[in-house]
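S.K.:
Numbering (UniProt numbering), first residue to last: 1 to 292.
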């Protein structure tokens with residue numbers, strides 16, 4: 001059976017916990033619920049590595065089954081389905097006051113663009129291509145409500161594919177493919193009738209229709225074939241999609257010599273800045289020499 005996890009009555013990273021099982025969304029009971037388990041749910045949802053259990057029940061009460069109870073996760077678990085729990089039962093707890101409400105702290109990644117100035121974004125939405133020859137071709141999948149799902153190929157065209165390729169840092173689109181060109185996906189089909197202009201910086205900026213019912217199946221999974229990996233595209237994407245963050249991130253451990261992506265990008269941007277300053281200095285000297 002298909003399983004899914006979501007938070008309701010709040011936002012993507014805060015709310016009452018619900019799981020999809022046996023064709024029905026239902027609540028999760030909070031007996032023996034630990035902060036580690038809450039953090040595992042947040043990680044499962046792409047909402048960072050930390051979370052807390054809300055005790056004020058601000059996200060309302062459910063009305064469906066209460067599927068799970070006594071969930072126990074450890075630091076080795078990255079998905080709720082890996083954790084131990086009581087067997088699935090539509091009446092795992094009878095008291096709605098035992099339903100689980102969590103708030104995730106989020107997970108921010110930052111790059112430096114100037115000393116003490118950083119650009120950050122929340123790692124809450126994800127996009128990938130699978131089944132192709134490399135990371136720049138394949139079936140388009142998006143992460144939503146705790147699950148990877150596909151996109152229906154209705155109205156799928158090169159403009160849509162261009163946005164996907166740009167968001168992945170894979171240059172421009174060579175082709176927009178339909179009818180499960182790279183194989184059929186599994187799980188949900190999250191979107192249909194995506195209508196990008198081709199100039200959007202992210203697929204999330206394009207008008208689209210959430211898929212309800214069975215208007216599309218996995219034989220119609222959308223796919224892309226991109227021109228190739230573009231390091232500059234990644235830099236531009238970070239600069240446009242990230243938002244300013246006022247708090248300086250914690251420094252990485254000094255015992256490690258491994259360069260992370262933010263550090264590499266910081267070095268690249270610093271080098272570009274030095275190059276621009278050197279060109280400007282040369283032009284100023286040239287202008288002064290001409291005046292003399």
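Every residue, glycine too, gets a C-beta built ideally from N, C-alpha and C.
1) 8 Å is my cut-off, CB to CB: does residue 73 come that close to chain B?
2) Could you name the residues of the same chain whose beta carbon sits closer than 6 Å to that of residue 151, not counting the 5 residues immediately before and after it, in chain order?
3) Across which residues does DSSP place residue 175 in a beta bridge pair?
4) Which word fits residue 197, buried or exposed, when buried means at least 16 other C-beta atoms lie within 10 angstroms of its C-beta?
5) Could you say which of 128, 169 and 61 lies nearest to residue 95 if we only look at CA atoms?
6) DSSP three-state call for residue 197: helix, strand or coil?
7) Mind checking residue 225: buried by the 16 CB within 10 Å criterion, or exposed?
8) Report the residue from 126, 52 and 88 whose alpha carbon sits nearest the alpha carbon of residue 24.
9) Any chance the stretch 1 to 15 sits against the stretch 58 to 74, with 3 or more Cβ pairs inside 8 Å?
10) Use the C-beta contact count for residue 304: other C-beta atoms within 10 angstroms, 16 or more gives buried, fewer gives exposed.
11) Per DSSP, residue 209 is paired with what?
12) Relative to the alpha-carbon of residue 79, which residue among 55, 101, 45 and 153 has its alpha-carbon at the smallest distance?
13) According to DSSP, is residue 24 part of a helix, a strand, or is it coil?
14) With respect to the beta strand (DSSP E) encompassing residue 68, which residues constitute its N-terminal and C-terminal limits?
15) How about residue 172 and residue 227: do their beta carbons lie closer than 8 Å?
16) Report buried or exposed for residue 101, applying the criterion of at least 16 other Cβ atoms within 10 angstroms of its Cβ.
17) What would DSSP say about residue 124, mapped onto helix, strand or coil?
18) Please report how far the alpha carbon of residue 245 lies from the alpha carbon of residue 49, in whole angstroms.
19) By alpha-carbon positions, which one of 28, 158, 71 and 269 ends up nearest to residue 199?
20) Between the Cα of residue 310 and the Cα atoms of 185, 284, 52 and 39, which residue gives the shortest distance?
21) If contacts are defined as beta-carbon pairs under 8 Å, then residue 27 and residue 64 qualify, I think. What distance do you get, rounded to the angstrom?
22) Pull up the distance between the alpha-carbon of residue 206 and that of residue 130, whole angstroms please.
23) Name the DSSP bridge partner or partners of residue 137?
24) Starting from the C-beta of residue 81, find all residues in its chain whose C-beta is less than 7 Å away, skip the five residues before and the five after it, and write them out in chain order.
M.R.: Reading it off the structure:
1) Among the protein chains of the structure shown there is no chain B, as only one such chain exists.
2) Spatial neighbours of residue 151 in its own chain (CB-CB distance under 6 Å, excluding positions within 5 residues in sequence) are listed in chain order as 140, 191 and 222.
3) According to DSSP, residue 175 bridges with 225.
4) Under this definition residue 197 is an exposed residue.
5) Selection 128, 169 and 61 evaluated against residue 95 yields 61 as nearest (Cα-Cα).
6) Reduced to three states, the DSSP call for residue 197 is coil.
7) Of the residues assessed, residue 225 falls on the buried side of the cut-off, its CB having 16 or more other CB atoms within 10 angstroms.
8) The residue with the shortest Cα to Cα distance from residue 24 is 88.
9) As far as the Cβ criterion goes, the stretch 1 to 15 touches the stretch 58 to 74, which means the pair count is three or higher.
10) This structure cannot settle anything about residue 304, because the visible part of the chain is limited to 1 through 292.
11) 192, per the DSSP bridge assignment.
12) Of the residues 55, 101, 45 and 153, the one whose Cα lies closest to the Cα of residue 79 is 45.
13) DSSP, reduced to helix, strand and coil, places residue 24 within a strand of the structure shown.
14) 66 to 68 is the span of the beta strand (DSSP E), which, as asked, contains residue 68.
15) At the C-beta level, residue 172 and residue 227 come within 8 Å of one another.
16) That one is buried.
17) Legend: pLDDT at residue 124 = 40, less than 50; position of this residue unreliable, value from coordinates given subsequently. Reduced to three states, the DSSP call for residue 124 is coil.
18) Caution is warranted here: a pLDDT of 36 is assigned to residue 245, below 50, making its placement in the model unreliable, and no coordinate value can be reported.
19) It is 158.
20) Coverage of the chain is limited to positions 1 through 292, which leaves residue 310 absent and any answer about it impossible.
21) About 7 Å separates the CB atoms of residue 27 and residue 64; that is less than 8 Å, so the two are in contact.
22) Roughly 21 Å between the two C-alpha positions.
23) Answer is 225, bridged to residue 137.
24) Once the five neighbours on either side are set aside, the close Cβ partners of residue 81 are 3.
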